[in-house]
Amino acid sequence: AQTVTQSQPEMSVQEAETVTLSCTYDTSESDYYLFWYKQPPSRQMILVIRQEAYKQQNATENRFSVNFQKAAKSFSLKISDSQLGDAAMYFCAYRGGTQGGSEKLVFGKGTKLTVNP
Amino acid sequence: DAGVTQSPTHLIKTRGQQVTLRCSPKSGHDTVSWYQQALGQGPQFIFQYYEEEERQRGNFPDRFSGHQFPNYSSELNVNALLLGDSALYLCASSFYGVVGQGADYGYTFGSGTRLTVV
């Protein structure tokens, strides 16, 4: 079974600074997808960024980027120029297979990010 | 474009009671998955419904059951409630198809139902 591990229960960063959240995963599959979700106090899971395992290039979405190390099964999230609105729980998630929305997501336990003004 | 709608937002039940939670998927999505998120934990997959059938199931007892209607909306039922069932229940909708043939990777989540069992 696939597992996702987030080793940092809490992280803090100063506004405008950069922070990196860590995630490792375990799988025997060759095709899979990795995601970072943000969960603010409103409780809704919001997709931050996703990475296809077959792509060597790291995904980037504005201030958010990932460092995907397939051999090491590592998938970290870097947030640049942190903003107060980035404060939330961040979850790393894994999805196997090549189908669309037919595969379940496996989540880590999350990292609580605090942004200090 | 409406996102995923869940009802109710909060619910308090007594041990042993039964509860029904509801989910309306995002327009264009045909698959509904349910997740349980205990306090301080990541969401855990309960089950998934497509074409009105349960397609996948996580490690949850039979007290957890569901249903999907022809309009793709879904219900999660929990019988004989335990204190440990207290959690945030999230619904996620998606499109079942193959990536590149109309499907994307996207899962859209609702804001959840906070269930408290006392």
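Same order as they appear, the protein sequences are chains X and H. Letter 30 of the first sequence, counting from 1, is numbered 24 in the numbering used here, and no numbers are missing. Counting from 1 along the second sequence, just add 70 to a position and that's the residue number in the numbering used here. Where a beta carbon is used, it is the ideal one built from N, C-alpha and C, also for glycine.
- Put simply, the backbone Cα of H/Gly73 is about 31 Å away from that of X/Ala10.
- At least one beta carbon of chain X lies nearer than 8 Å to the beta carbon of H/Phe179.
- Taking C-alpha positions only, H/Phe179 is separated from H/Pro140 by approximately 20 Å.
- Within the same chain, Cβ atoms closer than 8 Å to the Cβ of H/Thr75 are found at Cys93, Ser94 and Gly180, the five residues on either side in sequence being excluded.
- Cβ contact annotation for X/Phe29 (same chain, cutoff 6 Å, sequence separation greater than five): Arg44 and Ala87, in chain order.
- For H/Leu160, the chain X residues whose C-beta falls within less than 9 Å of its own C-beta are Arg37, Gln38 and Met39, listed in chain order.
- Using beta-carbon distances, X/Lys67 does not count as an interface residue toward chain H, since no partner is under 8 Å.
- Taking 8 Å as the CB threshold, X/Phe101 lines the interface with chain H.
- Going by DSSP, H/Val148 is part of the beta strand (DSSP E) stretching over Ser144 to Val148.
- By the 16-neighbour rule on beta-carbons within 10 angstroms, H/Gln106 is buried.
- For X/Gly79, the secondary structure class from DSSP, reduced to helix, strand or coil, is helix.
- Secondary structure note for X/Val7: its beta strand (DSSP E) is the uninterrupted segment Glu4 to Gln8.
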